[in-house]
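Reminder that position 440 of the sequence shown reads as 474 in my numbering, one-by-one numbering, no gaps.
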Amino acid sequence: MGNQCCGNQPINRDANEQAFSQAIPVRLQQKLKPESQRFHQVLISSGENDKKDIFSNERQQDFILNLKPYSHLATNDSVVVSIRVVCHDYSYKDELDWYIDESVIIDPNCFETSLMRVIDKKTGNKYTLRVINFNDYEDYEFKQALYQIYIMQLIGNKYKNLISLHDCYILENEDKEYSKGSIILLMEYCDSTLHEIISFRKFHNWQWTSDEIRHVFGELAQALGQLEQLNITHRDLRPHNIWYCSLSKTYKIGGFEEAKFIKKAQTLHNQLSLNNLGINIQQENEELLNTIRGVPDYLPPEIQKYVDASGAQTVGRYNPFLSDVYQLGLNILMMDQLEVNFESTELRNVVRKLNNQRAGSRGTSNDYHDVLKLMLVGDESSRLTPAELSLFTKSYLSEIPINEDNLVESMKYKKKYAGIESTKVYQLIAVAYYDLFEWEKWLEKMEEILVSYENDKDDFHAAEVLFDIANGFIDINNLTSAQDYFMKASILYNEIGHQLREQNKLNEALDNYERALDCVRKAHNGDDSYEGALLLENLSNGYRLQGNLARARSFLEEACRITEQEKGSDSLEFAKMSINLGKVHSLLGDYKHALKRVKKGLRITEGHASGNQNLQQSMLSYNNQNQQLQNQALLLKAQGLTMLGEIQRLKGSLGKAKKNIEEALSIREKLQGSGNLEVASTIEVLGNVYFEMEDYHQAKSSYEKALVIKKSKLGENHVEVALTLNNIGNSCKHLEEYDKSQKFFADALVILKQSQSGDDHPLVATTYGNLGILLKQIGNIQSAQQCLTKCIQILDKTLPKNHPDSLFYREQLQEIQQ
């Protein structure tokens, strides 16, 4: 018979279709949002049913869940769910009742509530456990879970092909300041999902026989018919929600998170009462505005075909029971095709062909493909109803049930030894233990995840795990352990930052330094610490390499303040920070503050170096600790002398500059060897002095030595290499080696543009400026003007207007323009 349930004059098919008349179109995307108004508020009753055992931490609680009305004619509806509430005191020693199997059902569309297979410690019975977290009774997740319990309680445990609910309860914390809780659903044990089985069969080319598909088809069709008899529409039928249970050797429909109970008879009564009064009203079904649930790929054509003027999908009317039939048809087709991916062109073509076909004759057929055509037909009015489907496929059920046990065991074996998604599974198990307040098992599982990442040398994910463990300890008020794990995480993040900085990935390096700093601050409860100061210094260095000198100065000033506070104003640690801050001031052209900071640092290092030297003379030579302190002071002195010499060069005191830098180089080469990066930097600064003294051959020689060391340590595409190439190019320009000069400038620009420094970097500006001066010297005035203009535009963004570099290159441009 034709199904005209959605027309203007619906057929009275046992009062089922009157609820699904024309509705105002709404955007499909709005319907798929979980925060849509499916539920109103939750009320907690205080009646006789709220019984509490004074000798236990449990009580029985009635929750009244108000639902959105069916239409403007209907009154607010509500359901009552009676459930145990178990209070927990977050004790480490308290044990709950389940062992969690490491075989987890992962649903990519419902990751936060993935299913766990568990074993009852007392009885050894197996169950499927779902944990739904919530922060408040008004959370959507809490309301949805209550309604799911209501649906599953309506289903009960008498239907062979519908998953049954064995128990449910709410797990809450007794600490009222910490409101987080979980709803625990204990359901019939599921060995595997249809999604897992199809995927495994596809990989091994293990087809079902036609009889096997017919039997599964028959089982699921009976289940759909039973749901319709209960006035329940599933709305999310897909392979993840069809479960195989080896105990009964059956496939069953589960996953009732999006299911809906429809009070059809009451809706029809409202319609008929109005008609009897002579009021001819086309009932507007407001419930349809929030009926669309599940995954868009599984929605039937009547929902997907409407497109408004803006291109957004809309839906006007549809029957959710017929939508369930369509979705089940897709699942059987996926079994037939051994395909679970809707990106498959072949599967889409088959579905499109079936959607566009004309409906065939209705009736029982031994060929399940004939029935599939009536389920997947695009015309909703021609589609089979659940009752018809159940009748047509009843003969498909064989006396011998399908046995997937061997396949399931093979899947478990493969997963165990192939390590399929093992880390993700461990994470899900750890989250489940955490939600169940089983802290020792949670920590044990998190440590397993940590070891797995450490073995794979995956420092970033190892740091993430350490951070999660630390936050977990914060939640249970174990601050000592939290501090320990936060500090471990900070060390890893900092090391990752160093590695990324060496690779010239400055943005990623800064992100990891920020993470490390966040960990340190949490470990110290927000208070200042020297560890935090070191990370602020690392951030400053990163921003300096990016050319963001103002931000670099800001971070380093804060690091100096904290270091002086934590280590003292005469400490080597403070001396180092002070010298580094002087360097940033110098780069900004603030030579007065730069000189002040560097001299302060040098005074401190001189005191430590001489003091340690005197102490060394009075002690045995094997006192390694004292030797290390002396070396540290001497290296800081070398750093200060180098920076002092650079400032003196910029101020024109070339003789003093050369003397100080040569002393610094002597110290570094003695303590660090000739191939050290700091030695290379000192040689380059000495080259700058030779350049200002117009000894361009010696300057070029110094730069070339520095370049060899930098390339060997940093690679050929680092920002520091670009700096040296720029300096060599400048020397070649003055030596009238113009072709070489132009090549060095071009190579420097290529490196800088490929790095994360981008165009807005002072080094990019000076390279353009030097190239412009070169082009001016060889007579290419137009290109010279373009380069110098680009240089000044960048400097205006990155340096103060009165910076010496800005003034110098602006003067060069003015000479060309005149």
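All C-beta atoms in this analysis are idealised placements derived from N, C-alpha and C, irrespective of residue type, glycine included.
Residue i to residue j span [Cα, whole Å]
{"i": "Met445", "j": "Asp439", "result": "10 Å"}
{"i": "Lys177", "j": "Arg578", "result": "52 Å"}
{"i": "Val76", "j": "Leu219", "result": "19 Å"}
{"i": "Pro834", "j": "Ile828", "result": "11 Å"}
{"i": "Asn697", "j": "Asn665", "result": "According to the sequence provided, residue 697 is Glu. The question's Asn does not apply to it. Near 15 Å, if we compare the C-alpha coordinates of Asn665 and Glu697."}
{"i": "Asn559", "j": "Ser524", "result": "14 Å"}
{"i": "Glu845", "j": "Ala593", "result": "37 Å"}
{"i": "Gly686", "j": "Asn694", "result": "14 Å"}
{"i": "Val742", "j": "Ile231", "result": "59 Å"}
{"i": "Ile762", "j": "Val723", "result": "14 Å"}
{"i": "Val359", "j": "Asp173", "result": "31 Å"}
{"i": "Leu663", "j": "Lys767", "result": "44 Å"}
{"i": "Ile153", "j": "Tyr223", "result": "9 Å"}
{"i": "Lys777", "j": "Phe237", "result": "55 Å"}
{"i": "Leu570", "j": "Tyr564", "result": "10 Å"}
{"i": "Gln95", "j": "Leu205", "result": "12 Å"}
{"i": "Ser914", "j": "Phe589", "result": "As shown, the chain starts at 35 and ends at 852. That puts residue 914 outside it, with no answer to give."}
{"i": "Asn353", "j": "Trp476", "result": "45 Å"}
{"i": "Lys692", "j": "Asp490", "result": "49 Å"}
{"i": "Ser789", "j": "Ala667", "result": "34 Å"}
{"i": "Gly674", "j": "Leu711", "result": "16 Å"}
{"i": "Val719", "j": "Leu699", "result": "10 Å"}
{"i": "Pro335", "j": "Ile287", "result": "23 Å"}
{"i": "Ala756", "j": "Leu786", "result": "7 Å"}
{"i": "Tyr468", "j": "Ile483", "result": "14 Å"}
{"i": "Asn538", "j": "His752", "result": "6 Å"}
{"i": "Glu849", "j": "Ile815", "result": "11 Å"}
{"i": "His268", "j": "Arg327", "result": "9 Å"}
{"i": "Lys630", "j": "Asp604", "result": "15 Å"}
Residue i - DSSP class collapsed to helix/strand/coil
{"i": "Thr267", "result": "strand"}
{"i": "Asp794", "result": "coil"}
{"i": "Trp132", "result": "strand"}
{"i": "Phe73", "result": "strand"}
{"i": "Leu568", "result": "helix"}
{"i": "Val329", "result": "coil"}
{"i": "Arg118", "result": "strand"}
{"i": "Tyr161", "result": "strand"}
{"i": "Arg417", "result": "coil"}
{"i": "Met727", "result": "coil"}
{"i": "Ile166", "result": "strand"}
{"i": "His752", "result": "coil"}
{"i": "Asp561", "result": "coil"}
{"i": "Gly679", "result": "helix"}
{"i": "Val5", "result": "Since the first residue shown for the chain is 35 and the last is 852, residue 5 is missing from the structure and cannot be characterised."}
{"i": "Asp154", "result": "strand"}
{"i": "Phe501", "result": "helix"}
{"i": "Phe97", "result": "strand"}
{"i": "Asp370", "result": "helix"}
is_contact[residue i, chain D] using C-beta, thresh 9 Å
{"i": "Arg631", "result": "Given the protein chain composition of this structure (a single chain), no chain D is represented."}
Reference residue i; option with closest CA among the options
{"i": "Asn572", "options": "Arg535, Asp225, Asp562", "result": "Arg535"}
{"i": "Gly813", "options": "Leu786, Tyr772, Asn528", "result": "Tyr772"}
{"i": "Leu162", "options": "Ser198, Gly641, Asp509", "result": "A small fix is needed here, since residue 162 is Thr in this sequence, not Leu. Nearest option by C-alpha distance: Ser198."}
{"i": "Thr800", "options": "Leu847, Ser486, Ser715", "result": "Leu847"}
{"i": "Ala584", "options": "Lys617, Phe355, Ile166", "result": "Lys617"}
{"i": "Asp270", "options": "Ser233, Cys121, Asp201, Ser357", "result": "Ser357"}
{"i": "Met150", "options": "Ser612, Glu474, Ile166", "result": "Ile166"}
{"i": "Phe73", "options": "Asn91, Ile98, Glu92", "result": "Ile98"}
{"i": "Phe251", "options": "Arg327, Ile366, Ser112", "result": "Ile366"}
{"i": "Gln182", "options": "Leu101, Asn159, Lys160", "result": "Leu101"}
{"i": "Glu628", "options": "Leu669, Leu678, Ile596", "result": "Rather than Glu, the amino acid found at residue 628 in this sequence is Ala. The option with the nearest alpha carbon to Ala628 is Leu678."}
{"i": "Leu406", "options": "Met369, Ile681, Gly288", "result": "Met369"}
{"i": "Lys634", "options": "Tyr737, Gly803, His642, Ser612", "result": "Ser612"}
{"i": "Leu388", "options": "Gly412, Ser775, Gly641, Gly566", "result": "Gly412"}
Stretch-stretch touch, CB-based, cutoff 8 Å, three pairs: the stretch 222-237 with the stretch 256-265: no
Stretch pair the stretch 514-522 + the stretch 494-504: three plus CB contacts closer than 8 Å: yes
Touching by the beta-carbon criterion (3+ pairs, under 8 Å), the stretch 405-416 and the stretch 230-246: no
Touching by the beta-carbon criterion (3+ pairs, under 8 Å), the stretch 461-470 and the stretch 277-296: no
Contiguous alpha helix (DSSP H) assignments of at least 4 residues, all confined to the stretch 587-631: 606-621
Complete runs of the beta strand (DSSP E) confined to the stretch 243-296 [at least 3 residues]: 276-279, 284-287
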